[in-house]
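What follows is the structure in structure tokens.
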């Protein structure tokens, strides 16, 4: 079963009078959009800077928050390190917010990011010291099959959130993807055009896939898909539930 959420069905957000714009497959409850938190994924935003812009210092607690630089260059600051740090395309920042941390981001013009919040079991994480770490693109494993490349993110970033797998597929020829029936699979189409079971999918489409052991992607244009596999039902009660 594949559920499709076009960009028009996703929540919309912006910062600084539209200097940064967002489409959110999973927004906050007040954001609108058709999808609410599920599995142990609480929030997912795709943000783009139309000009250089800074999101001011703001607090986080409990959640594990990953920021993935899709294009361009960003800088970030948080109170655990007390200095600005730059990240480039392919780099990842991980905040394990614990009992509390404050954070600020600066996106340079034409930069874009994913920011995704995972629920690691707040009954435990809120009692932990906050942590922060950066991971650089060169450290992530990339497997090549024919013309296609598969990058694996989760093996290097040590999340506490249960059973999270994070991938990116760069697809130039038809691709079969095997899926774990015990998990929920969330796919964001970063770019491209393709078909699954004769249904077309394109840039900014968001898909939730369950009860499928594999999918066959038939390429119409070169495609980049970002994917997260997560437990259908986490072993702990999540904030979103």
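Numbering (my numbering), first residue to last: -1 to 239.
Just so it is clear, CB atoms sit at the ideal spot from N, CA and C, and this is done for glycine as well.
Report the partner residues of residue i according to the DSSP bridge assignment.
{"i": "residue 198", "result": "193"}
{"i": "residue 84", "result": "73"}
{"i": "residue 183", "result": "207 and 227"}
{"i": "residue 23", "result": "Looking at the DSSP assignment, residue 23 forms no beta bridge with any residue, so it has no partner."}
{"i": "residue 133", "result": "90"}
{"i": "residue 244", "result": "Residue 244 falls outside the range modelled here, since the chain spans only -1 to 239, and no answer is possible."}
{"i": "residue 105", "result": "51 and 72"}
{"i": "residue 221", "result": "169"}
{"i": "residue 66", "result": "90 and 112"}
Can you give me the C-alpha to C-alpha distance between residue i and residue j, rounded to a whole angstrom?
{"i": "residue 112", "j": "residue 214", "result": "25 Å"}
{"i": "residue 177", "j": "residue 150", "result": "15 Å"}
{"i": "residue 3", "j": "residue 133", "result": "30 Å"}
{"i": "residue 146", "j": "residue 205", "result": "20 Å"}
{"i": "residue 39", "j": "residue 171", "result": "30 Å"}
{"i": "residue 61", "j": "residue 94", "result": "6 Å"}
{"i": "residue 35", "j": "residue 239", "result": "7 Å"}
{"i": "residue 16", "j": "residue 216", "result": "36 Å"}
{"i": "residue 198", "j": "residue 42", "result": "23 Å"}
{"i": "residue 79", "j": "residue 218", "result": "45 Å"}
{"i": "residue 179", "j": "residue 226", "result": "14 Å"}
{"i": "residue 200", "j": "residue 8", "result": "15 Å"}
{"i": "residue 235", "j": "residue 24", "result": "18 Å"}
{"i": "residue 202", "j": "residue 233", "result": "31 Å"}
Would residue i and residue j be called neighbours here (beta carbons separated by less than 8 Å)?
{"i": "residue 72", "j": "residue 104", "result": "yes"}
{"i": "residue 196", "j": "residue -1", "result": "no"}
{"i": "residue 161", "j": "residue 229", "result": "yes"}
{"i": "residue 148", "j": "residue 167", "result": "yes"}
{"i": "residue 115", "j": "residue 63", "result": "yes"}
{"i": "residue 18", "j": "residue 58", "result": "no"}
{"i": "residue 182", "j": "residue 208", "result": "yes"}
{"i": "residue 109", "j": "residue 70", "result": "yes"}
{"i": "residue 53", "j": "residue 90", "result": "no"}
Hey, quick one: how far does the beta strand (DSSP E) through residue i stretch, first residue to last?
{"i": "residue 123", "result": "First-last for residue 123: 120 to 123, but that is the alpha helix (DSSP H), not the beta strand (DSSP E)."}
{"i": "residue 142", "result": "139 to 143"}
{"i": "residue 147", "result": "146 to 150"}
{"i": "residue 47", "result": "39 to 47"}
{"i": "residue 174", "result": "173 to 176"}
{"i": "residue 11", "result": "9 to 13"}
{"i": "residue 3", "result": "0 to 3"}
{"i": "residue 92", "result": "90 to 94"}
{"i": "residue 165", "result": "163 to 169"}
Review point. Is there contact between the segment 118 to 127 and the segment 137 to 144, where contact requires at least three CB pairs shorter than 8 Å?
Key: In short, these stretches do not touch, since the Cβ pair count stays below three.
**Study point:** Meets three-Cβ-pair contact criterion under 8 Å: the segment 185 to 192 and the segment 148 to 158
**Key:** Short answer: they don't touch.
Review point. Would the segment 73 to 81 and the segment 18 to 37 be scored as touching if the rule is three or more Cβ pairs under 8 Å?
Key: Result no; under three Cβ-Cβ pairs closer than 8 Å.
Point to revise | Given 8 Å, three or more beta-carbon pairs between the segment 77 to 89 and the segment 39 to 51 | key: Judged by Cβ distances under 8 Å, the segment 77 to 89 makes no contact with the segment 39 to 51, as fewer than three pairs qualify.
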